[in-house]
DNA sequence: TTTTGAGTTGTTCGA
DNA sequence: GTCGAACAACTCAAA
């Protein structure tokens, strides 16, 4: 038992550096068997995140090969797979990094108690967050419901320095049999050609570290000024890597803190964004219904429209509102969307089209390579008005005004809208190659008329929101 | 217990 | 073109 192998169950912590579970396992000196389990919690993901996860697993398997270890892949219910592996390898312990969304918590609690009942050591670690949701509380001992006080509560806390990259792992006498990643067909649901999206993703721990370094070196100074401009390439784009744990939040935190100390202007705004992610996890942990139901009880009965033609126009980037359509196409082709654009398309769907925020949430889950259950639940409800720290009811984004303010040169629209342009941008054309033929889209078809007038939509939204208030 | 100040990201209208 | 006010009222968090 004392020298029995440890199963290291990887999930969204696909990295060798600053991985507490991995470090703890390594320090025992016992053989470590890295495992990734493809279970229903993975199965429930949308097309793009699942495809992107497959790329992440592939890169991480290579990284493990590089240090003389290997990643064992198995399909099935997590508990059963772990039991099988214990049986096959004689492992005496299972380590993993905690997750915080309700589905994962339910699964992990069941796994932990079952394994312990069966005499196994089962330990979870924190690799995903800087501040555990239960370690931040108000003076009254409650969780935070507003971002600013949350920020003030954590901003001066000490965050432990990142752990060193693991350079070698003791191998077991025999490796368990692994399935082949290709057989998992992680990209099978990608209706948009994976070939179209592939050039826009940035996979793996090394790439993530390079991305961070480049951001801190070049862009953080102008972050405050430029981050709101979707055509500016002023953001870090690290959400993609954070999602799969290819970089740790505290690695980013410490880089940001160093930049702050060096007097780089945008550093504090950057750190605040990282803490927004923490806040989203704080909320999803304390109020897990945020992923499915109105966070505010009084919004439960808001007469949202369900899915339908309007939502379909929104999904297809054919609302007739250039900024909205540009953003939806950006997401379809690249798997990401600029933050400001996310707010605008969400506001348009929930307010101008009065459509249920869950319709939008679901489409984002299908399309975003940085899909994150906590950030998205919080973000959608924030825009819809049903969430914590919510926008005042009268805050309805006007996509035209926003375009004038944040895309004054029209660079974003030019990049993503092909119709009616003499020499359309390559990315704008790639959208038409990416969409399913069944959508029947072609750039020469012409640009659609607006599905609803902006002024009319705004008026209608304000009236509906007025009603719910009473 | 009560009070106080504040609350990510907006738009429109009229001066 | 620019600027301030109005658009509501309520909840949150700390003093």
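Residue numbers (our numbering): 16 to 485.
Glycine included, each C-beta is placed from N, C-alpha and C at the ideal position.
Could you have a look at residue i and say whether DSSP puts it in helix, strand or coil?
{"i": "residue 110", "result": "strand"}
{"i": "residue 104", "result": "helix"}
{"i": "residue 379", "result": "helix"}
{"i": "residue 47", "result": "strand"}
{"i": "residue 320", "result": "strand"}
{"i": "residue 474", "result": "helix"}
{"i": "residue 299", "result": "helix"}
{"i": "residue 445", "result": "helix"}
{"i": "residue 29", "result": "coil"}
{"i": "residue 79", "result": "helix"}
{"i": "residue 136", "result": "strand"}
{"i": "residue 24", "result": "strand"}
{"i": "residue 305", "result": "helix"}
{"i": "residue 52", "result": "strand"}
{"i": "residue 38", "result": "helix"}
{"i": "residue 365", "result": "helix"}
{"i": "residue 503", "result": "No statement about residue 503 is possible, as the shown extent of the chain runs from 16 to 485 and does not include it."}
Please identify the residue among the options whose C-alpha is closest to the C-alpha of residue i.
{"i": "residue 234", "options": "84, 29, 271 and 125", "result": "271"}
{"i": "residue 223", "options": "263, 213 and 211", "result": "263"}
{"i": "residue 289", "options": "251, 461 and 189", "result": "251"}
{"i": "residue 372", "options": "411, 348, 322 and 418", "result": "322"}
{"i": "residue 463", "options": "473, 433 and 476", "result": "433"}
{"i": "residue 330", "options": "319, 347 and 314", "result": "347"}
{"i": "residue 72", "options": "39, 167, 95 and 201", "result": "201"}
{"i": "residue 217", "options": "136, 255 and 430", "result": "255"}
{"i": "residue 279", "options": "384, 239, 80 and 119", "result": "239"}
{"i": "residue 401", "options": "89, 230, 446 and 310", "result": "310"}
{"i": "residue 65", "options": "86, 34, 352 and 385", "result": "385"}
{"i": "residue 163", "options": "287, 97 and 131", "result": "287"}
{"i": "residue 367", "options": "415, 315, 351 and 242", "result": "415"}
{"i": "residue 220", "options": "28, 317 and 461", "result": "28"}
{"i": "residue 446", "options": "96, 114 and 431", "result": "431"}
{"i": "residue 177", "options": "151, 86, 126 and 33", "result": "33"}
So residue i is in the alpha helix (DSSP H); what residue range does that whole segment cover?
{"i": "residue 146", "result": "Looking at the DSSP string, residue 146 is not in any alpha helix (DSSP H), and its letter there is neither H nor E."}
{"i": "residue 395", "result": "388-399"}
{"i": "residue 252", "result": "Residue 252 -> no alpha helix (DSSP H), and no H or E assigned at all."}
{"i": "residue 88", "result": "No alpha helix (DSSP H) contains residue 88, which is instead part of the beta strand (DSSP E) from 87-90."}
{"i": "residue 339", "result": "337-349"}
{"i": "residue 269", "result": "264-276"}
{"i": "residue 203", "result": "First-last for residue 203: undefined, no H or E at that position."}
{"i": "residue 352", "result": "Run containing residue 352: none; DSSP gives neither H nor E here."}
{"i": "residue 228", "result": "220-229"}
{"i": "residue 429", "result": "426-431"}
{"i": "residue 166", "result": "162-169"}
{"i": "residue 211", "result": "209-212"}
Output yes or no for whether 8 angstroms exceeds the beta carbon distance between residue i and residue j.
{"i": "residue 428", "j": "residue 326", "result": "no"}
{"i": "residue 30", "j": "residue 261", "result": "yes"}
{"i": "residue 421", "j": "residue 244", "result": "yes"}
{"i": "residue 108", "j": "residue 138", "result": "yes"}
{"i": "residue 349", "j": "residue 440", "result": "no"}
{"i": "residue 24", "j": "residue 111", "result": "yes"}
{"i": "residue 63", "j": "residue 383", "result": "yes"}
{"i": "residue 194", "j": "residue 94", "result": "no"}
{"i": "residue 20", "j": "residue 148", "result": "no"}
{"i": "residue 145", "j": "residue 268", "result": "yes"}
{"i": "residue 22", "j": "residue 100", "result": "yes"}
Distance, Cα to Cα, residue i vs residue j?
{"i": "residue 169", "j": "residue 189", "result": "45 angstroms"}
{"i": "residue 453", "j": "residue 179", "result": "50 angstroms"}
{"i": "residue 398", "j": "residue 335", "result": "21 angstroms"}
{"i": "residue 248", "j": "residue 296", "result": "26 angstroms"}
{"i": "residue 123", "j": "residue 306", "result": "18 angstroms"}
{"i": "residue 362", "j": "residue 449", "result": "25 angstroms"}
{"i": "residue 161", "j": "residue 403", "result": "7 angstroms"}
{"i": "residue 451", "j": "residue 204", "result": "12 angstroms"}
{"i": "residue 378", "j": "residue 360", "result": "12 angstroms"}
{"i": "residue 467", "j": "residue 140", "result": "49 angstroms"}
{"i": "residue 83", "j": "residue 339", "result": "48 angstroms"}
{"i": "residue 374", "j": "residue 395", "result": "10 angstroms"}
{"i": "residue 300", "j": "residue 184", "result": "33 angstroms"}
{"i": "residue 259", "j": "residue 208", "result": "21 angstroms"}
{"i": "residue 353", "j": "residue 344", "result": "12 angstroms"}
{"i": "residue 277", "j": "residue 57", "result": "41 angstroms"}
{"i": "residue 156", "j": "residue 60", "result": "34 angstroms"}
{"i": "residue 130", "j": "residue 192", "result": "21 angstroms"}
{"i": "residue 351", "j": "residue 387", "result": "12 angstroms"}
{"i": "residue 418", "j": "residue 425", "result": "8 angstroms"}
{"i": "residue 253", "j": "residue 226", "result": "7 angstroms"}
{"i": "residue 381", "j": "residue 142", "result": "25 angstroms"}
Got a sec, what are the start and stop residues for the beta strand (DSSP E) residue i sits in?
{"i": "residue 58", "result": "First-last for residue 58: 55-58, but that is the alpha helix (DSSP H), not the beta strand (DSSP E)."}
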